[in-house]
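Some notes on the structure that comes next.
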Amino acid sequence: MYNVLKILNQSLQVQNSQHTKLSLGDRSKYIGLSDIGKGLDCLRSAVATKTAPTIASDTTQNHKSNFNAHELSKHLRLQRGHWFESGVVEAFMLAKKDFIHQLEIEIKHNNIPIKGHLDFVFIEQNQRPIIRIIELKSTESIPKTLYASQEAQLYAQLGLLAMHWNNKVFSVPATGKVSQPKTFPELVKQLFNIDLADDCSQVQLEGYILSLTMNEAKAFGPYKANEIMLNICLETANKIWSAKQDIENKIKTLNKVAYNKAFHPLCDYCEVNASCPKFRGVDVPGLEAELLNLQRLKEAEKQLSQHIKNTENSLKLYATKISPNNDWINAITQRLRVGICAGKNSLNEELLKTELLKYVSTEQISSILQNSYKSDAAYERLYLGKIN
């Protein structure tokens, strides 16, 4: 089993690297829209991807001799997105809709090379044509809300498509369908024989982020092109490129680049968190084994909790079938029955405000609510993180 995982790890590393090179090219030579999203979260992390040595992409690379479970997890996470995308492409093709897979936008803004790779762009003929951008995100679980970096990436896609609608900056090199840059209306005409106006305002432009797991899917949107958000994205691209050049010209080091000083859940996945000034502290190498053991216990607890939930759901389904009248089911030393529990009571703040408005002013309501909140005492929490 050990050798199988080692081979899988090495193969995925090569596959991920080759896929990146084929679909995205040399990412150190331009600013991608996902880089902009990352830069809004943490400028240092985004700049590092443009200056740090890239992983070799051929099979002759000297791989580490020791198997690394964390490394395998990272490669599986990256490859999961590619596998999902391939499956979604096949599904969308069966829907018989006109769409472009991996539309590339390549521009220069203030001499900064910027490339956008749009997962899916649907073209719907209508009295007012509808252009829908769909950005695919594969996740372990469906989030309640999106990261700001993901939304920024979509805003950049929408903004650049609208801004450069009639400029020859669009192509589809990944699929080989359109290799020479064209305007967006020209490209759509060539691919689908659909006529679009030269003025972007004549179409309805919107975007969605499609979040997928192995069991669930959720679409966030619609998002609209927003000039303010586009300007923020372009300014972030400028900061990334400027810092990259300063590092390459020995004007500054990576640790002099601004970084996110607050807690961020993606810090554990950052490839350069080992040297991040945010985590400067005391070195205690002997503590590693105990921390790894705690991580294993937490993972076991998570898996056990899911196993308990799955078992309970199976038993509830079985009990409903075997005892439609909801009688007790006896099993020698144990018994079970599916019961109905009352839902939790919670305060609907908006409803309360509406009711209070009948008696007091808006200002008084705000004061009443503010004075009614109770803060619990501060408590200690243990934060664990991976050093990459």
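Converting from the sequence shown to this note's numbering requires adding 896 to each position, the first position being numbered 1. From the three backbone atoms N, C-alpha and C, an ideal C-beta is built for every residue, glycine too.
**Prompt:** In this structure, does DSSP put Arg-1233 in helix, strand or coil?
**Reply:** coil
**Request:** Could you name the residues of the same chain whose beta carbon sits closer than 7 Å to that of Asp-1094, not counting the 5 residues immediately before and after it, in chain order?
**Result:** Asn-1062, Pro-1081
**Endpoints, beta strand (DSSP E) assigned at Gly-1281** = That residue, Gly-1281, is in no beta strand (DSSP E); it is neither H nor E in DSSP.
**Message:** I'd like the ranges of any alpha helix (DSSP H) spanning at least 4 consecutive residues and lying wholly in the segment 1182-1259.
**Reply:** 1184-1218, 1245-1252
**Request:** Decide yes or no for the touch test of the segment 1086-1103 against the segment 1017-1032: beta carbon pairs closer than 8 Å, at least 3 of them.
**Result:** yes
**Prompt:** Should Phe-1116 be labelled buried (16 or more other beta-carbon atoms within 10 Å of its own) or exposed?
**Reply:** buried
**Message:** Just list the residues that DSSP pairs Tyr-1119 with in beta bridges.
**Reply:** Gly-1103
**Message:** Here's a check: name, in chain order, each residue in its chain whose Cβ is nearer than 7 Å to the Cβ of Ser-941, leaving out the five neighbours to either side.
**Reply:** Lys-934, Cys-1166, Val-1168
**Request:** Could you tell me if Ser-1034 is buried or exposed, where buried requires 16 or more neighbouring beta carbons within 10 angstroms of its beta carbon?
**Result:** buried
**Message:** Quick check: the Cα distance between Leu-1193 and Glu-1047, rounded to an integer number of angstroms?
**Reply:** 34 Å
**Prompt:** Is it a yes or a no for the segment 1192-1208 touching the segment 971-987, going by three-plus beta-carbon pairs under 8 Å?
**Reply:** no
**CB of Leu-1187 within 8 Å of CB of His-1005, strictly** = no
**Asked** Measuring CB to CB, does Thr-1216 end up less than 8 Å from Ile-932?
**Response** no
**Request:** Check whether the segment 1107-1122 touches the segment 1037-1051, taking contact to mean three or more Cβ pairs, one atom from each stretch, closer than 8 Å.
**Result:** yes
**Prompt:** Three-state secondary structure (DSSP) at Gly-935?
**Reply:** helix
**Nearest residue (CA-CA) to Lys-1085, options Asn-1145, Ile-1019, Lys-1282, Ile-1147** = Ile-1019
**Item:** At least three beta-carbon pairs within less than 8 Å, the segment 978-994 to the segment 1054-1073
**Value:** no
**Request:** Verify the contact flag: Pro-1069, CB atom, against every heavy atom of the ligand MG, threshold strictly below 7 Å.
**Result:** As presented, the structure is devoid of all ligands, the ligand MG included, so that no description of it is given.
**Item:** Cβ-based neighbour list, His-971, same chain, cut-off 7 Å, excluding 5 preceding and 5 following
**Value:** Asn-905, Leu-908, Gln-909, Asn-912
**Prompt:** By how many angstroms is the C-alpha of Asp-937 removed from the C-alpha of Gly-1182?
**Reply:** 32 Å
**Prompt:** Going by other Cβ atoms of all chains shown within 10 Å of its Cβ, with 16 needed for buried, is Trp-1137 buried or exposed?
**Reply:** buried
**Ile-1038 vs Ser-969 beta-carbon contact at 8 Å** = no
**Item:** For Gln-1191 and Leu-1280, believed in contact at Cβ under 8 Å, the rounded distance
**Value:** 6 Å
**Prompt:** To the nearest angstrom, how far is it from the Cα of Leu-1092 to the Cα of Leu-1083?
**Reply:** 10 Å
**Request:** Would you kindly report the start and end of the unbroken alpha helix (DSSP H) that includes Phe-1080?
**Result:** 1080-1088
**Prompt:** What is the rounded straight-line gap between the Cα of Arg-1176 and the Cα of Glu-1000?
**Reply:** 40 Å
**C-alpha distance - Leu-901 paired with Ala-1196, whole-angstrom precision** = 20 Å
**Item:** Nearest neighbour of Leu-920, chosen from Thr-1071, Ile-996, Asn-899 [CA to CA]
**Value:** Thr-1071
**Message:** For the beta strand (DSSP E) containing Gln-998, name the first residue and the last one.
**Reply:** 995-1005
**Prompt:** Three-state secondary structure (DSSP) at Glu-1036?
**Reply:** coil
**Message:** Rounded to the nearest angstrom, what separates Ser-1242 and Ser-930 at their Cα positions?
**Reply:** 39 Å
**Prompt:** So Leu-1014 is in the beta strand (DSSP E); what residue range does that whole segment cover?
**Reply:** 1008-1020
**Prompt:** Between which two residues does the beta strand (DSSP E) carrying Ser-1045 extend?
**Reply:** Run containing Ser-1045: none in the beta strand (DSSP E); it sits in the alpha helix (DSSP H), 1044-1059.
**Asked** Where in the segment 1106-1180 do unbroken runs of the beta strand (DSSP E), each at least 3 residues long, occur, reported from the N-terminal end onward?
**Response** 1113-1119
**Request:** Pull up the distance between the alpha-carbon of Asn-1151 and that of Val-943, whole angstroms please.
**Result:** 10 Å
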